[in-house]
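Just so you know, we're using full-length UniProt numbering here: the sequence shown kicks off at 1 and counts up by one. Yeah, the Cβ is synthetic: ideal placement off N, Cα and C, and Gly gets one too. First the structure, in the form of structure tokens, and then the observations on it.
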Amino acid sequence: MDVTPSVTVFDQAYRDGDPPWVIGEPQPAVVALADAGMITGRTLDLGCGAGEHTILLARRGLDVLGADASASAVERAGARAAAAGVDARFTVADALDPAGLGTFDTVLDSALFHVFDAGDQRRYARGLARVVRSGGVVHLLALARTGDGPEFGPVIDESEIRTAFDAPDWTVEAVDRTTYRGVVTAAVSASYGRPAGSRVDEPAHLARIRRT
């Protein structure tokens with residue numbers, strides 16, 4: 001990403017309806033993390049969007065807070081939680097300055113890091129170091145650059161994750177390959193050769209980053 005998009009871009013996307021990254025359910029990669037017991041303790045779902053992952057984790061009994069810079073996203077997330085009968089907490093917050101949110105054992109980042117430019121990626125890692133307890137973990141799911149075929153959204157290389165978290169505060173324990181599910185829009189349907197509204201599973205990174 002050359003320049004980090006403004007919050008107004010995301011606010012507008014949520015006001016216009018369901019953005020293509022809102023699939024009405026949690027990402028399969030995040031469900032797998034939860035099923036494996038990898039999300040524990042006090043948890044921050046940073047860049048929570050429409051709240052699917054916060055709702056998932058709250059339903060499973062975790063102490064979880066969903067946070068997003070977009071007030072429209074947070075409003076939608078709260079409404080979805082209420083409709084699902086789940087007591088989930090959400091707040092509006094700047095992911096680049098999260099210190100006021102408290103401290104956490106686990107941070108979940110589903111498709112947030114990859115929207116930042118290089119400078120903001122490093123700023124993001126520094127900010128997280130102030131809210132993740134020693135020994136805590138960041139799980140980071142981001143679209144991967146493949147070099148061929150259509151791109152669903154902002155894509156990054158593994159090296160961008162490692163560079164941003166190359167600091168004494170962090171140890172990048174693993175960067176695995178997985179997929180990220182999204183909805184094909186009319187604007188890209190020709191590139192995918194699939195009708196708008198179809199779901200696609202795109203190549204993605206899933207990083208596990210430990211707070212030292």
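Within this structure, are the beta carbons of T40 and T103 separated by less than 8 Å? With respect to T103, T40 sits apart: the two C-beta atoms are not nearer than 8 Å.
State the start and end residues of the unbroken alpha helix (DSSP H) segment that holds F152. Element bounds for F152: n/a, residue is neither H nor E.
Between the CA atoms of P150 and V3 - distance to the nearest angstrom: When rounded, the distance between both Cα atoms is 20 Å.
What does DSSP give as the partner residue(s) for R89 in the beta ladder? For R89, which the question treats as bridged, DSSP gives the partners L65.
Report yes or no: do three or more beta-carbon pairs, one from the region 180 to 192 and one from the region 154 to 166, lie closer than 8 Å? Contact between the region 180 to 192 and the region 154 to 166 is absent: fewer than 3 CB-CB pairs across the two stretches fall below 8 Å.
Limits of the unbroken alpha helix (DSSP H) element including S189: Annotation for S189: the continuous alpha helix (DSSP H) segment containing it runs S189 to Y192.
Out of L206, P168 and T178, state which residue places its alpha-carbon closest to the alpha-carbon of H139. Cα-wise, what sits closest to H139 is L206.
According to DSSP, what are the bridge partners of L206? The beta-bridge partner set that DSSP reports for L206 consists of L141 and D176.
If you draw a straight line from the C-alpha of G127 to the C-alpha of D166, how long is it? Across the structure, G127 and D166 are spaced so that their CA atoms are roughly 14 Å apart.
Could you please give the first and the last residue of the uninterrupted beta strand (DSSP E) stretch that includes S110? Boundaries of the beta strand (DSSP E) harbouring S110: F104 to S110, taken from the DSSP string.
If you follow the beta strand (DSSP E) that L44 is part of, which residue opens it and which one closes it? L44 -> beta strand (DSSP E) spans T43 to L46.
Based on the DSSP secondary-structure assignment, which residues constitute the bridge partners of G182? In the DSSP output, where bridge partners are listed per residue, G182 has V200.
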